[in-house]
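Engineer: Going by this note's numbering, the first residue of the sequence shown is number 1048, and it counts up by one from there. Got a structure here, written out as structure tokens. Questions coming.
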Amino acid sequence: MRNLLVVLLTISNMHFVGGDPPTHRFDAYSDQERGYLQRVHGQPGDLSYTPDFPGGFQGWQRAARAKLKQLIGIDRIAAQVSGHRPAVHLEQESRVDGHLRQLGRIETEPGIHLPFWILRPIGSENKKLPVVICAHGHDEDGWNTYAGVFKDKQHQTTTENKQGNPGVQAVRRGYIAIVPATRGLAKSNSISDLNGRHGKRACRAQLMHCLLAGRTAIGERVWDTTCLLDWIASDLAGADATRIGMLGNSGGGVLTVYVAALDERIAVAHPSCSLTSYTDQSGYIFHCDCCMIPRIQTDLADMPDVAALTIPRTLVVVHGAKDGLHSQKVVNQAMQRLADIYLQCNVSDKFIFRWQPEGHRLYPAVFWPVMEDVF
Ligand SMILES: [Zn+2]
């Protein structure tokens, strides 16, 4: 009875909303296509979570993490760059807009220099502060956007109108913000799409080079973030390595899911407008091609189960009701699956899901109170 009550409370807290708007059809395949896609996508993954997995939840987590690392190509990247020690170079810190801002670069593999911003509260020199990693999505200037480093007034206005500068929000709340460029999404760290062979999309060019060579674009982004986490934990002045959060909208949210799944140093994760099933029942694929992880659906599981690797840590998820990239019905099913696993692990209070009224964007009013609570 008590469990039933918890389930009902969990569901009522989720603010589930109705079906998809008629303008966004995710199931408009022909009957022939539907039959084929059902056969392709209709099987559960070999490592979908089940309570009777040998070794229980921890046994499943170990097996699923090992498989995830293998599928995203982390093991291959590690082997290819073995012996490389990621060096960090920091520029002079300057005082801007009520906080301190510093440009850094980390060489995550030979010749790959990832730029990132460090934003610090003024007057925090002798304190240990929580750190929030802010991962941007498909915006070639995204790391500047997230850190409030604007190229012109219009960039600033557009960003601030949709509260798209989480790095600045973090530092105003007294945290250290780390805002890295995302490989394949930021112009600073993209591989050229020569002759437009990959659809004139940098993220797809990255993906194709990776897939051909046993890596994935997601794997490279997770690798970069892991290198940053190592540096934050060992060398970032003033960082409290026991209080690290990560957030991101869209492609940055997808990255947040995988980093939190694999790295237990992330105490609280916030994927915004990104965490859903890989496909809906008709076979429609929701994420950008660059999020592709070959065989994940068959050899591991659907995305809510991957997100369950964050357990017992805190996961706060939002989706926008007007977001045309995602299906409300599928998001609700995915969130129900994730809520069920959190419940089975007796950590229901660590999973928060909210629908929000606007589109594909960040919703700071939801995630900051949760982060504050964890920190
Ligand atoms: Zn992409």
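C-beta: ideal position from N, C-alpha, C; glycine also.
#1: Where are the beta strand (DSSP E) runs, 3 residues long or more, that stay fully inside the stretch 1166-1243, in chain order?
#2: To the nearest angstrom, report how far apart A1182 and S1095 are at their CA atoms.
#3: Count Cβ pairs between the stretch 1248-1261 and the stretch 1272-1288 that sit closer than 8 Å; are there 3 or more?
#4: Does any residue of chain C bring its CB to less than 8 Å from the CB of L1115?
#5: Identify, in the order they occur along the chain, each residue of the same chain with its Cβ nearer than 6 Å to the Cβ of K1136, setting aside the five sequence neighbours on each side.
#6: Between the stretch 1219-1227 and the stretch 1152-1169, do at least 3 Cβ pairs fall closer than 8 Å?
#7: Helix, strand or coil: how does DSSP classify H1334 here?
#8: Under 8 Å: do the stretch 1365-1375 and the stretch 1139-1157 share three or more Cβ pairs, one atom per stretch?
#9: With a Cβ-Cβ cutoff of 8 Å, do L1115 and L1309 count as a contact?
#10: Strictly closer than 5 Å from CB to any heavy atom of ligand 1: give me those residues in the order they appear in the chain.
#11: Whose C-alpha, out of T1263, L1283, T1272, R1384, is nearest the C-alpha of L1322?
#12: Nearest to Q1391 by alpha carbon, out of Q1090, H1088, Q1105?
#13: Roughly how many angstroms separate the alpha carbons of F1422 and R1112, rounded to a whole number?
#14: Out of R1244, A1264, T1289, state which residue places its alpha-carbon closest to the alpha-carbon of N1236.
#15: Tell me which same chain residues have a C-beta within less than 6 Å of the C-beta of N1203, skipping the five on either side of it?
#16: Could you name each continuous alpha helix (DSSP H) segment of 4 residues or more that falls completely within the stretch 1082-1145, going from the start of the chain to the end?
#17: What whole-angstrom Cβ distance do G1211 and R1401 have, given they're in contact under 8 Å?
#18: In terms of alpha-carbon separation, which member of R1268, Q1380, L1283, L1294 lies closest to G1120?
#19: Using only CA atoms, which one of R1109, D1336, T1357 lies nearest to I1313?
#20: Looking at D1346: is its Cβ nearer than 8 Å to the Cβ of G1092?
#21: Is DSSP giving E1156 helix, strand or coil here?
#22: Is it true that the CB of C1338 sits closer than 8 Å to the CB of V1301?
Structural biologist: Working from what's here:
#1: Counting whole runs of 3 or more residues, the stretch 1166-1243 contains the beta strand (DSSP E) stretches 1176-1181, 1223-1227.
#2: So the two alpha carbons sit approximately 27 Å from each other.
#3: The stretch 1248-1261, when compared against the stretch 1272-1288, does not touch it at the 8 Å Cβ threshold.
#4: Among the protein chains of the structure shown there is no chain C, as only one such chain exists.
#5: Residue identity differs from the one stated: residue 1136 is His in this sequence, not Lys. The beta carbon of H1136 is closer than 6 Å to those of R1152 in its chain, skipping five residues each way along the sequence.
#6: Contact holds: three or more Cβ-Cβ distances are below 8 Å.
#7: Reduced to three states, the DSSP call for H1334 is coil.
#8: No contact exists between the stretch 1365-1375 and the stretch 1139-1157.
#9: The criterion of a C-beta distance shorter than 8 Å is satisfied by L1115 and L1309.
#10: With 5 Å as the limit between CB and the heavy atoms of ligand 1, the residues that fall short of it are C1250, C1335, C1337.
#11: The residue with the shortest Cα to Cα distance from L1322 is R1384.
#12: The closest CA to that of Q1391, considering only Q1090, H1088, Q1105, is found on Q1105.
#13: In a straight line, the C-alpha of F1422 is about 25 Å away from that of R1112.
#14: It is A1264.
#15: First, the residue type needs correcting, since residue 1203 is Gln and not Asn in the sequence shown. Result list for Q1203: F1197, in chain order.
#16: As far as the stretch 1082-1145 is concerned, its whole alpha helix (DSSP H) runs of at least 4 residues are 1103-1119, 1121-1127.
#17: Contact flag wrong, Cβ pair sits at about 18 Å.
#18: Ranking the options by Cα distance to G1120, first place goes to R1268.
#19: Ranked by how close their Cα comes to the Cα of I1313, the residues R1109, D1336, T1357 have T1357 in first place.
#20: Their beta carbons are under 8 Å apart, which means D1346 touches G1092 by this criterion.
#21: The DSSP-derived three-state label of E1156 is strand.
#22: Result yes, Cβ atoms of V1301 and C1338 sit closer than 8 Å.
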